[in-house]
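**Student:** For the sequence shown, the numbering used here begins at 29 and goes up steadily by one.
Ideal Cβ positions, reconstructed from N, Cα and C, are used throughout, including at glycine.
Dumping the structure here so I can ask a few things about it.
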Amino acid sequence: MRSPYLAAALLLAPAGIMAQSTPDQGVTAKAIKAHVAFLADDLLEGRDTGSRGHQVAARYVATQFEAMGLTPAVKGDWYQNVPFARVQPKDDAELTINGRAFTHKEDAVISGNGRAEADILFGGFCLDKPELGLNDLRDLKVKGKIIACLTGFPKGMPSDIGAHLNADKVRVLSARGAIGYLSIRTLEREKQRPWARVIATADDASVNWLNADGTPYDAAPNIKVMATLDRAAAARLFDGTSRSLDALLAEADKKGGKPKGFALGKRAMISRSVGITPFTSPNVIGLLPGSDPAVAHEYVLVMGHLDHIGIRTSPTGPDAANADKINNGAMDNAAGIATLLEAAREMAKAPTRPRRPVLFAAVTGEEKGLLGADYLSRFPVVDGQIVGVVNLDMPILTYDFTDVIAFGAEHSTLGPLVATATARDAVKLSPDPVPEEGLFTRSDHYRFVQRGIPSVFLVTGYAGDGAKASEAFLADHYHTPSDDLNLPFNWEAGAKFARINSLIATEIANAPEAPRWYADSFFGKTFAPAAPKAKRP
Ligand SMILES: [Zn+2]
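Written as structure tokens, this is what we have:
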């Protein structure tokens, strides 16, 4: 799961019992455990994108694909080698507002590569979707300006739509000609992410994939530089204007609160530069051919990210010198890859092949911004169309989940297929318990949603022990070295999660029609305006 987070009673006999009598026993807890134990071993050093540990993990996945009889999907090879650049910020960050300098990593966090100097506009949440009642940019001429925006989206909006609009904000402002961006943290954001944590990652290298001409891909090419402001620095923006920051933050904290934008009558200069180092890292992709020539060009994609965040460079605290520095990523996302491998094995050994071909992809660069998936969505490895996506990322496998949140399911005809698949294991579908986390845009399927492809992403739910287990994982282990084999794994839950996702993929592959967006879906309308739609049942 990309940084900021992220779920039924067992009706089938436990795998361990079945193992004694049947050689062909379905997904077993042992198999899930074995994959996670290998992938989360210290030897793989946290599987950072581009690292040797990740390469070893990729080799492991390819070997598993080969053993289960999948076909190499990339022109006879298992690997789609993605060209990347590591982008390291230099020590030259500058920000001034009306000539007054603000200090990087104290008052502000400055990022980007370039320099912008211009008048500043305040744009509220800076969201422009009139059909949803969002008109923050209607009366603002953002071209050539630096725009200051509140983080997130108005309270009370559907979380998946809000998360998408928020993630797309800078790209939209760039397309309208804004040249710089100032981020003002809402009260909600201040709670979620203390300023000390913002500063701690301020000089981290970032990664992006490279265009054919060797330049890093940039979704927002006009906005070269940006800065996130702490409370005091943000308050200065509003000095001498008709409104105070405190009043604006209070308004934005109310349900449906949408502070209106205005020109701040101030000028800002933002500047920073970077160093760029190219490297490659693979997506690993196997194919299970379909059985029906009529739908041979309609591919189903089952995907999970194999990369994690590598070795921690600067442990803090009293025991820092001896502290475990390897971010093993057992839950994030060895658990998802284990699920993918066992779902693939289930489908590959089934007596009848699915009608549609199924691609299994262990993608790279997720933790760096869903990059391997983005690349795969733009540079397909097969002739034909990916028609539906099942994504696997960080199931919390420390309890016997009895419900799941199926992100994306309510937007397309994938919904009923998911409901059928989860019902077999008596798993219920629940609404998003943490809408403020914006999970829908924080994993790989989102890149395919952006290409107009119906997608679904299951997260283990909050029913029963789920809330406690999920919250404990997120608070204490997410993106830390303690996301390792010492967690109290329930391997049977892993087997159940694999069975459910395998069944979802099978249902998609065998359905009479390829998945369609519902006509009223925001994502269908936004990303696949011309595609034929289905009527919501
Ligand atoms: Zn993650």
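In this structure, does DSSP put D360 in helix, strand or coil?
**Tutor:** Start at 1 with the first residue of the sequence shown, and residue 360 comes out as number 332. Per DSSP, reduced to three states, the secondary structure at D360 is helical.
**Student:** On the premise that G489 lies in contact with S530, defined as a C-beta separation below 8 Å, what is that separation, rounded to the nearest angstrom?
**Tutor:** As a working note, residue 530 is residue 502 in the sequence shown. As a working note, residue 489 is residue 461 in the sequence shown. Not quite, the Cβ-Cβ distance comes to about 19 Å (not below 8 Å), so this is no contact.
**Student:** Just grab the DSSP bridge partners of D147 for me.
**Tutor:** If you number the sequence shown from 1, residue 147 lands on position 119. Per DSSP, R295.
**Student:** Would you list the one or two residues that DSSP bridges to G303?
**Tutor:** Here residue 303 refers to the residue found at position 275 when the sequence shown is read from its first residue. G303 pairs with Q116.
**Student:** Three or more beta-carbon pairs under 8 Å between the segment 302-311 and the segment 217-228, yes or no?
**Tutor:** no
**Student:** With DSSP collapsed to three states, give me the class of M375.
**Tutor:** For the purposes of this step, residue 375 is taken as residue 347 along the sequence shown, with counting starting at 1. In the structure shown, M375 sits in a helix (DSSP, three-state: H, G or I).
**Student:** With H, G and I counted as helix, E and B as strand and the rest as coil, what does DSSP make of T50?
**Tutor:** Here residue 50 refers to the residue found at position 22 of the sequence shown. Confidence at T50 is low in this model, with a pLDDT of 42, below 50, so the placement of that residue is unreliable and no value is reported for it.
**Student:** Opposite L457 in the DSSP bridges: which residues?
**Tutor:** Working through the sequence shown from its first residue, we reach residue 457 at position 429. Beta-bridge pairing links L457 to V432.
**Student:** Could you please give the first and the last residue of the uninterrupted alpha helix (DSSP H) stretch that includes A191?
**Tutor:** Position 163 of the sequence shown, counted from the start, is the residue given in the question as residue 191. Looking at the DSSP string, the run of the alpha helix (DSSP H) that includes A191 is S187 to A195.
**Student:** Can you give the Cα-Cα distance for E520 and D428, rounded to whole angstroms?
**Tutor:** Stepping through the sequence shown from its first residue, residue 520 is reached at position 492. Stepping through the sequence shown from its first residue, residue 428 is reached at position 400. Roughly 8 Å between the two C-alpha positions.
**Student:** Taking only the alpha-carbon atoms, compute the straight-line gap between F501 and I424 and give it to the nearest angstrom.
**Tutor:** Counting from 1 along the sequence shown, the entry for residue 501 is found at position 473. Counting from 1 along the sequence shown, the entry for residue 424 is found at position 396. If I take the Cα positions, the gap works out to 8 Å.
**Student:** If distances are taken between C-alpha atoms only, which option among L368, R475, I313 and R373 comes closest to K103?
**Tutor:** Here residue 103 refers to the residue found at position 75 of the sequence shown. If we check each option's Cα against that of K103, I313 comes out closest.
**Student:** At the level of alpha carbons, what is the spacing between H507 and R475?
**Tutor:** Locating residue 507 in the sequence shown gives position 479, counting from the first residue. Locating residue 475 in the sequence shown gives position 447, counting from the first residue. Their backbone Cα atoms lie some 22 Å apart in a straight line.
**Student:** Smallest Cα separation from A280: which of G180, V330, A206 and E326?
**Tutor:** As a working mapping, residue 280 is identified with position 252 in the sequence shown. Answer by Cα proximity: G180.
**Student:** For N126, verify whether its CB is less than 8 Å away from any heavy atom of ligand 1.
**Tutor:** The count along the sequence shown starts at 1 and reaches residue 126 at position 98. Outside the cutoff, so no.
**Student:** How about P182 and K353: are their beta carbons less than 9 Å apart?
**Tutor:** Along the sequence shown, one-based indexing puts residue 182 at 154. Along the sequence shown, one-based indexing puts residue 353 at 325. Cβ distance not < 9 Å, so P182 and K353 don't count as in contact.
**Student:** Are there three or more Cβ pairs, one per stretch, closer than 8 Å when the segment 475-485 is compared with the segment 426-443?
**Tutor:** yes
**Student:** Taking 8 Å as the cut-off, does the CB of I424 come closer than this to any heavy atom belonging to ligand 1?
**Tutor:** In the sequence shown, counting from the first residue as 1, residue 424 sits at position 396. With a cut-off of 8 Å, the C-beta of I424 is classified as distant from ligand 1, since no heavy atom of the ligand falls inside that distance.
**Student:** With 16 other CB atoms within 10 Å as the buried threshold, where does G92 fall?
**Tutor:** If you number the sequence shown from 1, residue 92 lands on position 64. Reading off the sequence shown, one finds Gln at residue 92, where the question assumed Gly. Its Cβ being crowded by 16 or more others within 10 Å, Q92 is buried.
**Student:** Would DSSP call T568 helix, strand or coil?
**Tutor:** Nothing about residue 568 can be read from this structure; the chain reaches only from 29 to 565.
**Student:** Any chance the segment 332-343 sits against the segment 124-140, with 3 or more Cβ pairs inside 8 Å?
**Tutor:** no
**Student:** Return the chain-ordered list of same chain residues with a C-beta closer than 8 Å to the C-beta of A146, the five sequence neighbours on each side being excluded.
**Tutor:** Within the sequence shown, residue 146 is the residue found at index 118, counting from 1. If we look at A146 and ignore the five residues flanking it on each side, its Cβ neighbours are G172, K173, I174, I207, G208, R295 and A296.
**Student:** Give a yes or no on whether the C-beta atoms belonging to I433 and A291 are separated by under 9 Å.
**Tutor:** Here the question's residue 433 lines up with position 405 in the sequence shown. Here the question's residue 291 lines up with position 263 in the sequence shown. With respect to the 9 Å criterion, I433 and A291 are not classified as neighbours on the basis of their beta carbons.
**Student:** According to DSSP, M96 sits in a beta bridge with which residue or residues?
**Tutor:** As a first step, residue 96 is located in the sequence shown; it is residue number 68 there, counting from the start. In DSSP, M96 forms no bridge with anything.
**Student:** Quick one: is the Cβ of G29 within less than 8 Å of any heavy atom of ligand 1?
**Tutor:** Looking up residue 29 in the sequence shown gives position 1. According to the sequence as given, residue 29 is Met; it is not Gly. Yes.
**Student:** Under the rule that 16 or more other beta-carbon atoms within 10 Å means buried, what is K157, buried or exposed?
**Tutor:** The residue given as residue 157 occupies position 129 in the sequence shown. Flag for K157 reads buried.
**Student:** Quick one: what does DSSP say Y209 is sitting in, helix, strand or coil?
**Tutor:** In the sequence shown, counting from the first residue as 1, residue 209 sits at position 181. Of the three classes helix, strand and coil, the one that applies to Y209 here is strand, per DSSP.
**Student:** Quick check: does the Cβ of G357 come within less than 8 Å of any heavy atom belonging to ligand 1?
**Tutor:** As a working note, residue 357 is residue 329 in the sequence shown. It does: the Cβ of G357 is within 8 Å (strictly closer) of some heavy atom of ligand 1.
**Student:** Looking at the unbroken alpha helix (DSSP H) that takes in H473, where does it start and where does it end?
**Tutor:** Taking the first residue of the sequence shown as position 1, residue 473 is located at position 445. Per DSSP, H473 belongs to the alpha helix (DSSP H) from H473 to V477.
**Student:** Classify K183 as helix, strand or coil using the three-state DSSP reduction.
**Tutor:** Taking the sequence shown and counting its residues from 1, the one referred to as residue 183 is at position 155. K183: strand per DSSP, three-state reduction.
**Student:** Taking DSSP as the reference, what is the three-state secondary structure of T229?
**Tutor:** Numbered from 1 along the sequence shown, position 201 holds the residue referred to as residue 229. T229 falls in the coil class under three-state DSSP.
**Student:** Drop a sphere of 10 angstroms on the beta-carbon of N109, count the other beta-carbons inside from all chains shown, and report buried for 16 or more, exposed for fewer.
**Tutor:** Stepping through the sequence shown from its first residue, residue 109 is reached at position 81. Result: exposed.
**Student:** Locate the alpha helix (DSSP H) running through I60, then write down its first and last residues.
**Tutor:** As a first step, residue 60 must be located in the sequence shown, where it is residue number 32. Residues A57 to L67.
**Student:** Which ranges would you report for the alpha helix (DSSP H) in the segment 392-440 if only whole runs of at least 4 residues count?
**Tutor:** 399-406
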